[in-house]
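When we follow the working numbering, the leftmost residue of the sequence shown carries the number 377, and every step to the right adds one. For each residue, glycine too, the CB sits at the ideal point set by N, CA and C. For clarity, every value in this text was computed on a predicted model and none was experimentally measured. I have placed the structure first, in the form of structure tokens, so that the comments after it can refer back to it.
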Amino acid sequence: MLKLYGFSVSNYYNMVKLALLEKGLPFEEVPFYAGQTPEALAVSPRGKVPVLGVKQGFVNETSVILEYIEQTQEGRSLLPADPFQRAQVLALCREIELYIELPARACFAEAFFGMQVPDAIKEKSKAELLLGIGSLGRHGKFAPYVAGESFTIADLYFMYSVNLACAVGEKLFGLDLLAELPAAKVLLERLHAMPNAQKVAADREAAMPAFMAMVAAKK
């Protein structure tokens, strides 16, 4: 059986978890936190989550895990068979990660954990977030899904990265990042209403108190 290493508060963990659920694959969740201990580094070379445990060993990095699942497992297809359409989906994933997720992540400490982020970093993140959302508006189809008619791994990145970026935009900058993308707003609501997504969300909420206590202990 596949083993998913990580924790339910991680958005990247939840991307892989929802992919496994949507494909109808059996898997075991193994609690695992990022770190630089010998035990963590034996599972993940950089000590990060998520990691997928398979018969041969471990697969790390979310994008690689998602493609590995698609290439080796049965169930609902989350990538188009056509090479060009597949490239469009993968490009959207990368654009969301690099131009929306990463700028937003630079501000997570202040937006979610009550820490201070330098103004220079916040201003840079704000500018990059606006550019990233602009890119999403130009490349995303939202017809009705991010890349077109079918649910793909681009929707996983959209669900679990753009929602956090929107929270950062609202909390720190008073911005509605999707104000000019109404179809994206509709899709975000639709995706989070999926039964499997609601299960992922319930697990996240249940894990949140312990996670926040762990964060507080490290301050």
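Counting C-beta pairs with one atom in each stretch, the region 462-474 and the region 517-536 have three or more that are closer than 8 Å, which means they touch. Note on geometry: alpha-carbon atoms of D458 and Y521 lie some 17 Å from one another. With a cut-off of 8 Å on Cβ pairs, the region 497-509 is not in contact with the region 435-454, counting fewer than three such pairs. CA-to-CA, the gap between V385 and F587 works out to about 7 Å. In the structure shown, L454 falls within a coil segment according to DSSP collapsed to helix, strand and coil.
In its chain, beyond the 5 residues on either side, L394, M535 and L567 have a beta carbon closer than 8 Å to the beta carbon of A573. Distance from the Cα of E450 is smallest, within the candidate group L378, A582, E581 and E565, for L378. By the C-beta density criterion, G423 is buried, having at least 16 other C-beta atoms within 10 angstroms. Secondary-structure assignment with DSSP links K379 through a beta bridge to E404 and G429. For R566, the enclosing alpha helix (DSSP H) covers residues P558 to H568. By the Cβ criterion, the region 508-517 is in contact with the region 545-564, since at least three pairs of Cβ atoms, one from each stretch, lie closer than 8 Å. Looking at the DSSP output, G524 sits in a beta bridge with Y521.
A direct Cα-to-Cα measurement between G550 and P414 gives close to 42 Å.
In the structure shown, the three-state DSSP call for V435 is strand.
Assigned with DSSP and collapsed to three states, P459 falls in helix. If you draw a 10 Å sphere on the C-beta of M391, you find 16 or more other C-beta atoms in it, and that means buried. L505 and A480 have their C-alpha atoms some 7 Å from each other. Taking the CA atoms as reference points, L564 sits about 8 Å from N539.
A residue is called buried when at least 16 other Cβ atoms come within 10 angstroms of its Cβ; G508 meets this threshold and is buried. By the neighbour-count definition (other C-beta atoms within 10 Å, threshold 16), A582 is an exposed residue.
For D531, the three-state secondary structure derived from DSSP is helix. Cβ contact annotation for D579 (same chain, cutoff 7 Å, sequence separation greater than five): S384, in chain order.
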